[in-house]
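Asks: Dropping the structure in here first, questions after.
Number of protein chains: 2
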Amino acid sequence: MNDAKDMRQSHLFTKTQKFAPKDEVSKNAQLLIRTGFVHKEMAGVYAFLPLGWRVMNKIMDIIREEMNALGAQEIQMTALQRKELWETTGRWDDAKVDVWFKTALKNGTPLGLGFTHEEAITAMVKPFVTSHRSLPFSAYQFQTKFRNETRAKSGIMRSREFIMKDLYSFSRDVIEHKAFYEKAQAAYERIFQRVGIGAQTYKTFASGGTFSKYSHEYQTVCDAGEDIIYVDEKRRIAINEEVYTDDVIADLGLVKEELVQKKAAEVGNIFSLGTKFSDALGLIFRDDDGENKSVVMGSYGIGPARLMGVVVELLSDERGLIWPQSIAPYQAHLINIGHNDEAEEFYILLRTAGIDVLWDDRKNVRPGEKFADADLIGCPWRVVLSDKTHEYGGVELTHRRTGEQTIVSIHGAITMIHQ
Amino acid sequence: MNDAKDMRQSHLFTKTQKFAPKDEVSKNAQLLIRTGFVHKEMAGVYAFLPLGWRVMNKIMDIIREEMNALGAQEIQMTALQRKELWETTGRWDDAKVDVWFKTALKNGTPLGLGFTHEEAITAMVKPFVTSHRSLPFSAYQFQTKFRNETRAKSGIMRSREFIMKDLYSFSRDVIEHKAFYEKAQAAYERIFQRVGIGAQTYKTFASGGTFSKYSHEYQTVCDAGEDIIYVDEKRRIAINEEVYTDDVIADLGLVKEELVQKKAAEVGNIFSLGTKFSDALGLIFRDDDGENKSVVMGSYGIGPARLMGVVVELLSDERGLIWPQSIAPYQAHLINIGHNDEAEEFYILLRTAGIDVLWDDRKNVRPGEKFADADLIGCPWRVVLSDKTHEYGGVELTHRRTGEQTIVSIHGAITMIHQ
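Residue numbers (our numbering), protein chains in the order written: chain G, 1 to 419; chain Y, 1 to 419.
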């Protein structure tokens, strides 16, 4: 991400609050609002404040790296959508899709706000797909989706306006599609590992469509989740309640007695779309055998804010947030009690060493309050400079998650933070 | 920006087209669609394809650097807006603001799609502003705005859905505000320089509001512009037609006879908002004299896509696009006629040297077509490897804008591209 030049806490415009907001039922929203990471614009609609937006960007950068490694090309489609396009697949109808937000041009032409983009991308790539040489390819975006959810009680895990990373693949046949689908699965698994929820996340079999027996979801075991899954811990896969039948259990070669029911949150999903959209919208190519064929498509979604919400639900404790180092707003939170010049020197040393640092340089704030704030904000490492540590010629380094504490030189701290 | 791992043109899913689309009147949209940089979703609504999205990201990264250098903190607000919030300033009413897109929750609650964010940010920062120690600060975002324009004929220069960088400043008094306002002006001028339109861009005096005599626009002289300005070339300032009166000319110390009328496109604007929004929404602080005072605000907008459109309008020629190196999708376009292994070696050498390269590795495409494509796409440097250049032990390096050509070693080419 493009790092801010500087972050002294005296400059940060947000502040932590003493109490959680009363109108929030979800733990993630309560904590993220209390700590000044997000702002509630209205039920189910959240803005990201500086600390929260940093976390979002770190998550998006991890996803982007994995998408680029797949060879997928980044694009940016539009929220405004034409009725005619969505009528081709029957998805304009509010009776079929009940999450549309609709609006209109001044002349009355109805428009929708995209809740997904299969129709839009299929139509968009059509002029570029002619022969078998145009394929395969894949494209993705981080784009704002709108979903008119009836209830919105899961904080940033399910909101009415949210950034989604949606990836779409275009292949010549099912074999080529499957090869990409496998690679996309591996990329998704790396993403969940990298953001710190790999151990709790299971590839889950869910209902398929016309073109595939199952779709695959990634479900993270989490009390705040809205789904029920049945986990085979040994094989690290699960079955979504919606397809949890004896037939499916047998089909997957699982044993009912070994499956454990758990609450889980869907953190990603991948679909084999077959030729559903390419047939509807005429996305065909001339194959090298001279025949016209429909393109075989896949779609692959992840919501970065949902990942962020799940991390909060899973990893925070009674003292506040706890961020994995990979997505923390800052890796280190520097606090000094006196010794201002030395603190500034340490701040510069840490940043020069490539460490993102939030420096609590505020005057008129008691040490106890600073420590409580550091716990609330949840950077992985707290670095304290005080009379005591100064005497030892170093800093007190505390790991937020484990609570382990040690007094080391600033250079020792840099080494430990980088490990 | 986060660079893609690799860009061989055989992998790029877009293609250039022989002819410009018939339904576009604007030069920028014609060229950008023909070259596969953007896709027209509907009138006034454009998606960005891989090459176009790279240009947008390079422009946004330049703006972000300049915003961070101002100490502004990046956030992300929401498109969905509550009626009640905008009623506090009277701007909910369609009779007052005629560009709203409106929608509704399922229970009928009306919502708007933000066309700007003064109300939203004023309400959002309120809990964080208590004493004079909370101030000053500034925050910005790259966020999608929606404007229900009656006509949309300027391509990506004026669209119904567009990313805007909007910066807001919060100061304790007018003096503090003015100091920031001056710094923001300097940042804006650097941005226009860096994206390659500095020479044609003028700080322009436009109508102010209750709290300031003038607002300031940055206007780029350009036939496709929708504004008329009167330029004082020597002092490099201009007056917008809307305030072009003898009084204003005299007030600015200008001489009517020296002013030249020009068509121009507004590429940025900066406003002193005074306490208009903080009064309406109760954004007050307790000053160190113990008194409650309203926060003094400013707002500062730039549309990255409009910048991109203006660059296309100003710099392209009859053969296609011409990008300044700072915002080109790729700095170099490598074309080989035979010598595939050597081309791959050069491709790696160029990338290793930190140069963004598009490599036209397509088989079955004639050299003439590749050259025409390179001209259309408009990367600043074309690097050709052929029998002829191979004989000289190098490549033919052509500068897209000047047409200057030279045969140099690949290392010589790297040096020249970096210059």
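No residue lacks a Cβ here, since even glycine has one placed at the ideal position from N, Cα and C.
Does any residue of chain G bring its CB to less than 8 Å from the CB of Val125 (chain Y)?
Replies: Yes - at least one Cβ of chain G is within 8 Å of the one on Val125 (chain Y).
Asks: Taking 7 Å as the limit between beta carbons, can you name the residues of its chain near Thr89 (chain Y), skipping five residues before and five after?
Replies: The answer, listed in chain order, is Glu119, Phe277 and Ala280.
Asks: Since Val45 (chain Y) meets chain G, which of its residues come closer than 7 Å, beta carbon to beta carbon?
Replies: Those within 7 Å of Val45 (chain Y) in chain G are Thr78 and Leu80.
Asks: Measuring only the C-alpha atoms, how far is Phe346 (chain Y) from Gln405 (chain Y)?
Replies: The straight-line gap from Cα to Cα measures roughly 18 Å.
Asks: Does the beta-carbon of Arg382 (chain G) have 16 or more other beta-carbons within 10 angstroms, so that it is buried, or is it exposed?
Replies: The residue in question, Arg382 (chain G), is buried, as its Cβ has 16 or more Cβ neighbours within 10 Å.
Asks: Taking Asn68 (chain G) as part of the alpha helix (DSSP H), name the residues at either end of that continuous run.
Replies: From DSSP, the alpha helix (DSSP H) with Asn68 (chain G) extends over Pro50 to Ala69.
Asks: Please list the segments of the alpha helix (DSSP H) lying wholly inside the stretch 234-268 of chain G, counting only runs of 4 or more residues, in order along the chain.
Replies: Fully enclosed alpha helix (DSSP H) runs of 4 or longer: 246-251.
Asks: Under the rule that 16 or more other beta-carbon atoms within 10 Å means buried, what is Gly393 (chain Y), buried or exposed?
Replies: Classification for Gly393 (chain Y): exposed.
Asks: Would Leu49 (chain Y) and Thr14 (chain Y) qualify as a contact pair, given that the criterion is a beta-carbon distance under 8 Å?
Replies: A contact, by the Cβ cut-off of 8 Å.
Asks: Could you spell out where the beta strand (DSSP E) holding Glu404 (chain G) opens and where it closes?
Replies: Element bounds for Glu404 (chain G): n/a, residue is neither H nor E.
Asks: So within the stretch 165-244 of chain Y, which uninterrupted alpha helix (DSSP H) runs reach at least 4 residues, ignoring any that extend past its ends?
Replies: With a minimum length of 4 residues, the continuous alpha helix (DSSP H) runs that stay inside the stretch 165-244 of chain Y are 174-195.
Asks: Take the Cβ of Thr391 (chain Y) as the centre, count every other Cβ of all protein chains shown within 10 Å, and call the residue buried at 16 or more, exposed below.
Replies: The sequence given here has Glu at residue 391 (chain Y), not Thr. Per the 10 Å Cβ criterion, exposed.
Asks: To the nearest angstrom, how far is the alpha carbon of Gly112 (chain Y) from that of Tyr244 (chain Y)?
Replies: Rounded to the nearest angstrom, the two C-alpha atoms are 35 Å apart.
Asks: Which residue comes first and which comes last in the beta strand (DSSP E) that contains Arg286 (chain G)?
Replies: Segment Ile284 to Arg286, the beta strand (DSSP E) holding Arg286 (chain G).
Asks: Look up Ala280 (chain G) in the DSSP assignment and say whether it is helix, strand or coil.
Replies: DSSP places Ala280 (chain G) in helix when its eight states are reduced to three.
Asks: If you pair each beta-carbon of the stretch 51-59 of chain Y with each one of the stretch 67-82 of chain Y, do three or more pairs fall below 8 Å?
Replies: No contact exists between the stretch 51-59 of chain Y and the stretch 67-82 of chain Y.
Asks: Could you have a look at Ser134 (chain Y) and say whether DSSP puts it in helix, strand or coil?
Replies: Helix.
Asks: For Thr78 (chain Y), does the three-state DSSP call read helix, strand or coil?
Replies: Three-state result, Thr78 (chain Y): coil.
Asks: Does Asp361 (chain G) come out as helix, strand or coil in the three-state DSSP assignment?
Replies: It is coil, neither helix nor strand.
Asks: What distance in whole Å lies between the Cβ atoms of Gln331 (chain G) and Ile355 (chain G), which are believed to be in contact at a cut-off of 8 Å?
Replies: Going by Cβ atoms, the distance from Ile355 (chain G) to Gln331 (chain G) rounds to 5 Å, so yes, they are a contact pair.
Asks: Please compile the residues from chain G whose C-beta is within a distance smaller than 9 Å of the C-beta of Trp53 (chain Y).
Replies: Going along chain G in sequence order, the residues near Trp53 (chain Y) (Cβ under 9 Å) are Gln73, Glu74, Ile75, Gln76 and Gln141.
Asks: Return yes when the Cβ of Lys183 (chain G) is within less than 8 Å of the Cβ of Ile228 (chain G), no when it is not.
Replies: In this structure, Lys183 (chain G) does not lie closer than 8 Å to Ile228 (chain G) by Cβ.
Asks: Suppose the cutoff is 6 Å on Cβ atoms and the five residues either side in sequence are ignored; what does the same chain contact list for Asn336 (chain Y) look like?
Replies: Only Ala343 and Leu385 meet the Cβ criterion.
Asks: Determine the direct distance from the alpha carbon of Leu31 (chain G) to that of Val312 (chain G), and round the result to whole angstroms.
Replies: Rounded to whole angstroms, Val312 (chain G) to Leu31 (chain G) spans 8 Å at the Cα level.
Asks: Starting from Thr150 (chain G), find everything on chain Y with Cβ-Cβ shorter than 7 Å and list it in chain order.
Replies: Going along chain Y in sequence order, the residues near Thr150 (chain G) (Cβ under 7 Å) are Lys106.
Asks: Rounding to the nearest angstrom, what Cα-Cα distance links Lys293 (chain Y) and Ser10 (chain G) in this structure?
Replies: Their Cα atoms are separated by approximately 21 Å.
Asks: Output the residue ranges of the alpha helix (DSSP H) runs that lie fully inside the stretch 93-169 of chain G and measure 4 residues or longer, sorted by chain position.
Replies: Those alpha helix (DSSP H) runs which fall completely within the stretch 93-169 of chain G and span 4+ residues are 118-125.
Asks: Distance check for Gly253 (chain G) and Arg235 (chain G), CA to CA, integer angstroms please.
Replies: Whole-angstrom Cα-Cα distance: 11 Å.
Asks: Given this structure, state the Cα-to-Cα distance separating Asn2 (chain G) from Asp341 (chain G), to the nearest angstrom.
Replies: Because Asn2 (chain G) sits at a pLDDT of 39, beneath the cut-off of 50, its placement in the model cannot be relied upon, and the point is left open.
Asks: In the DSSP assignment, what residue or residues form a beta bridge with Val384 (chain Y)?
Replies: DSSP output for Val384 (chain Y) lists Y:Ile335 and Y:Glu396 as bridge partner(s).
Asks: Going by C-alpha distance, which of G:Val38, G:Leu85, G:Arg64 and G:Ala43 is nearest Trp53 (chain G)?
Replies: Nearest option by C-alpha distance: G:Val38.
Asks: Find the nearest neighbour of Ser159 (chain Y) within the set Y:Arg172, Y:Lys145, Y:Met297 and Y:His177, judged by alpha-carbon distance.
Replies: Per the Cα distances, Y:Lys145.
Asks: What is the rounded straight-line gap between the Cα of Arg133 (chain Y) and the Cα of Leu350 (chain G)?
Replies: The alpha-carbon atoms of Arg133 (chain Y) and Leu350 (chain G) are separated by roughly 27 Å.
Asks: If you measure from the beta carbon of Glu161 (chain G) to each beta carbon in chain Y, is any gap under 8 Å?
Replies: Yes, because at least one Cβ of chain Y sits closer than 8 Å to the Cβ of Glu161 (chain G).
Asks: I'd like to confirm something about Thr16 (chain G): is its beta-carbon nearer than 7 Å to some heavy atom of the ligand HEM, or not?
Replies: For the ligand HEM, the structure offers nothing, since it holds no ligand at all.
Asks: When the cut-off is 8 Å and only beta carbons count, does Thr35 (chain Y) lie next to chain G?
Replies: No, Thr35 (chain Y) lies away from the interface with chain G (no Cβ there is under 8 Å from its Cβ).
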